[in-house]
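Student: In order, the protein sequences belong to chains A and B. Read in order, the letters of the first sequence correspond to residues 1 to 123 in the UniProt record's numbering. Read in order, the letters of the second sequence correspond to residues 1 to 123 in the UniProt record's numbering.
Number of protein chains: 2
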Amino acid sequence: MNIANPYSSNCPTRKVLDRVADKWAVLVLGLLIEGPIRFNRLRRAVEGISQKMLSQTLKSLERDGLVSRKAFATVPVTVEYAITPLGQTLATTLDALRVWAETHMEEVTANQQRYDAGAKSGA
Amino acid sequence: MNIANPYSSNCPTRKVLDRVADKWAVLVLGLLIEGPIRFNRLRRAVEGISQKMLSQTLKSLERDGLVSRKAFATVPVTVEYAITPLGQTLATTLDALRVWAETHMEEVTANQQRYDAGAKSGA
DNA sequence: GAGCCTAATTACCAAAAGAAACCATCGAGG
DNA sequence: CCTCGATGGTTTCTTTTGGTAATTAGGCTC
Chain A
1 MNIANPYSSN CPTRKVLDRV ADKWAVLVLG LLIEGPIRFN RLRRAVEGIS QKMLSQTLKS
61 LERDGLVSRK AFATVPVTVE YAITPLGQTL ATTLDALRVW AETHMEEVTA NQQRYDAGAK
121 SGA
Chain B
1 MNIANPYSSN CPTRKVLDRV ADKWAVLVLG LLIEGPIRFN RLRRAVEGIS QKMLSQTLKS
61 LERDGLVSRK AFATVPVTVE YAITPLGQTL ATTLDALRVW AETHMEEVTA NQQRYDAGAK
121 SGA
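1. Mark A:Ala-91 as exposed unless 16 or more other C-beta atoms lie within 10 angstroms of its C-beta, in which case mark it buried.
2. In chain order, what residues of the same chain have a beta carbon less than 6 angstroms from the beta carbon of A:Glu-62, not counting five sequence neighbours either side?
3. Give me the Cα-Cα distance between A:Asp-64 and A:Asp-22, rounded to the nearest whole angstrom.
4. Return the chain-ordered list of same chain residues with a C-beta closer than 7 angstroms to the C-beta of A:Leu-78, the five sequence neighbours on each side being excluded.
5. Would you mind telling me which residues of chain B sit closer than 9 angstroms to A:Val-77, beta carbon to beta carbon, in chain order?
6. Indicate the three-state DSSP secondary structure (helix, strand or coil) for A:Ser-9 in the structure shown.
7. Between the Cα of B:Ala-45 and the Cα atoms of B:Ser-60, B:Arg-114, B:Leu-27, B:Thr-57, which residue gives the shortest distance?
8. Nearest to B:Asn-10 by alpha carbon, out of A:Leu-66, A:Gly-48, A:Val-20?
9. Closest by CA to B:Gln-56, which one among B:Ala-25, B:Pro-85, B:His-104?
10. Could you pull out every residue in the same chain whose Cβ sits closer than 6 angstroms to the Cβ of B:Glu-80, ignoring the five residues on either side in sequence?
11. Since A:Gly-87 meets chain B, which of its residues come closer than 9 angstroms, beta carbon to beta carbon?
12. Less than 7 angstroms between the C-beta atoms of A:Leu-66 and A:Leu-42, yes or no?
13. With a cut-off of 8 angstroms on the beta carbons, I'd call B:Arg-19 and A:Leu-17 a contact; round off their distance for me.
14. What is the residue span of the beta strand (DSSP E) that A:Glu-80 lies within?
15. Please list the partners that A:Ser-68 has in chain B, where partner means a Cβ-to-Cβ separation under 9 angstroms.
16. Within 10 angstroms of the Cβ of A:Thr-74, are there 16 or more other Cβ atoms? Answer buried if so, exposed if not.
17. Suppose the cutoff is 7 angstroms on Cβ atoms and the five residues either side in sequence are ignored; what does the same chain contact list for B:Tyr-115 look like?
18. When the Cα of B:Ile-83 is compared with those of B:Arg-14, B:Ser-8, B:Leu-29, B:Leu-94, which residue comes out closest?
19. With a threshold of 8 angstroms on Cβ separation, who are the neighbours of B:Gln-51 within its own chain once the five nearest residues in sequence on each side are excluded?
20. For the alpha helix (DSSP H) containing B:Val-26, name the first residue and the last one.
Okay, structure coming up:
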């Protein structure tokens, strides 16, 4: 079982890591944890995402078993996306990242400005 | 509404999240937490990374104040990279992600195979 | 003085993201 | 009737990013 190091490219952990390193997936999962939601509503909620990327993100999340898709044969066909139990475990983990961002973003931004200022004068 | 929802694109949290959604940054930070390390050593450790991407990743991590760079005027100039205290807090958070991956990768892989099989026959 | 090791950049090409248009269906309204 | 709007997508095109390989620069070794 001890497959261990994600630093070798053939390690499956690396694949999952690659998958998770996706800003849209992180944002979508973060929204889905609040409850099932329809496609366009999701699109409006996640500011800046295109239909293509949302569709693509949802498809791969579904493929991974992190979200479930349910289509209703209503007037204009509605599709509802929901997070799965597995997806919830990931969303919980990712939430720590959001908390980190909220806690440290000011410091990071300050660092960036200091760096940029230094690079400008130091060059 | 300074902080709050990362779903609006102008939220600084979103910027940090974008930044973190980078597989190389995650892997590099994970290695740096074990101690300072030189450029080429890092490159050999992170399998599959190119010099360009490593250089680029390190530069942006340095800009964010997550790692520090120290050049030594040795024979062939050596450069050592180390994680900063701020970087450590992030690396710790990201470690939870690695743990998630190690715990759930089998399930995710199984889901993918089931999905792919279903799509093939079900389409 | 050719070759090598260091860290990093550059040029070039492939892949992915982004923007915007199009598709098909149906109900509402002019 | 015919267009409009809303539904969830896909397609097309452009831009941005990532990957490969070659190059740079300096000094040491052979």
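Glycine included, C-beta positions come from ideal geometry on N, C-alpha and C.
Tutor: Based on what the coordinates show:
1. Within the first sequence, numbered from 1, the residue matching residue 91 of chain A stands at position 91. Flag for A:Ala-91 reads buried.
2. In the first sequence, counting from the first residue as 1, residue 62 of chain A sits at position 62. Around A:Glu-62: Arg-69.
3. In the first sequence, counting from the first residue as 1, residue 64 of chain A sits at position 64. In the first sequence, counting from the first residue as 1, residue 22 of chain A sits at position 22. Taking the straight line joining both Cα atoms gives about 14 angstroms.
4. Against the first sequence, residue 78 of chain A aligns to sequence position 78. One point to set straight first is that residue 78 of chain A is Thr, not Leu, in the sequence displayed. Non-local C-beta neighbours of A:Thr-78 in its own chain, meaning closer than 7 angstroms and more than five positions away in sequence, comprise Arg-38, Phe-72, ordered along the chain.
5. Within the first sequence, the letter at position 77 stands for residue 77 of chain A. Within 9 angstroms Cβ-Cβ: nothing; A:Val-77 doesn't reach chain B, min ~18 angstroms.
6. In the first sequence, counting from the first residue as 1, residue 9 of chain A sits at position 9. Residue state, collapsed to three classes: coil.
7. In the second sequence, counting from the first residue as 1, residue 45 of chain B sits at position 45. Comparing Cα positions, the closest option is B:Leu-27.
8. To locate residue 10 of chain B, count along the second sequence from 1; it is residue 10. Taking only the C-alpha atoms, the option nearest B:Asn-10 is A:Gly-48.
9. One-based indexing of the second sequence puts residue 56 of chain B at position 56. Scanning B:Ala-25, B:Pro-85, B:His-104 for the CA closest to the CA of B:Gln-56 turns up B:Ala-25.
10. As a first step, residue 80 of chain B is located in the second sequence; it is residue number 80 there, counting from the start. Counting only Cβ-Cβ distances below 6 angstroms, and skipping sequence neighbours, we find Pro-36, Arg-38, Lys-70.
11. Working through the first sequence from its first residue, we reach residue 87 of chain A at position 87. Residues of chain B passing the Cβ test: none, with the nearest at roughly 10 angstroms.
12. Mapped onto the first sequence, residue 66 of chain A falls at position 66. Mapped onto the first sequence, residue 42 of chain A falls at position 42. A:Leu-42 sits away from A:Leu-66, with the two beta carbons spaced by 7 angstroms or more.
13. Here residue 19 of chain B refers to the residue found at position 19 when the second sequence is read from its first residue. Here residue 17 of chain A refers to the residue found at position 17 when the first sequence is read from its first residue. Incorrect: roughly 16 angstroms between the Cβ atoms, too far for contact.
14. Within the first sequence, numbered from 1, the residue matching residue 80 of chain A stands at position 80. A:Glu-80 -> beta strand (DSSP E) spans 78-83.
15. Counting from one through the first sequence, the residue named residue 68 of chain A turns up at place 68. Taking a Cβ-Cβ threshold of 9 angstroms, none of the residues of chain B is close to A:Ser-68; the smallest such distance is about 11 angstroms.
16. For the purposes of this step, residue 74 of chain A is taken as residue 74 along the first sequence, with counting starting at 1. It counts as exposed.
17. What you label residue 115 of chain B is simply residue 115 of the second sequence in a count that begins at 1. Its chain contains no residue whose beta carbon lies nearer than 7 angstroms to that of B:Tyr-115 once the 5 sequence neighbours on both sides are disregarded.
18. Working through the second sequence from its first residue, we reach residue 83 of chain B at position 83. Minimum Cα-Cα distance from B:Ile-83 among the listed residues B:Arg-14, B:Ser-8, B:Leu-29, B:Leu-94 corresponds to B:Leu-29.
19. Here residue 51 of chain B refers to the residue found at position 51 when the second sequence is read from its first residue. In its chain, beyond the 5 residues on either side, Arg-43 have a beta carbon closer than 8 angstroms to the beta carbon of B:Gln-51.
20. For the purposes of this step, residue 26 of chain B is identified with residue 26 of the second sequence, where counting begins at 1. Annotation for B:Val-26: the continuous alpha helix (DSSP H) segment containing it runs 23-32.
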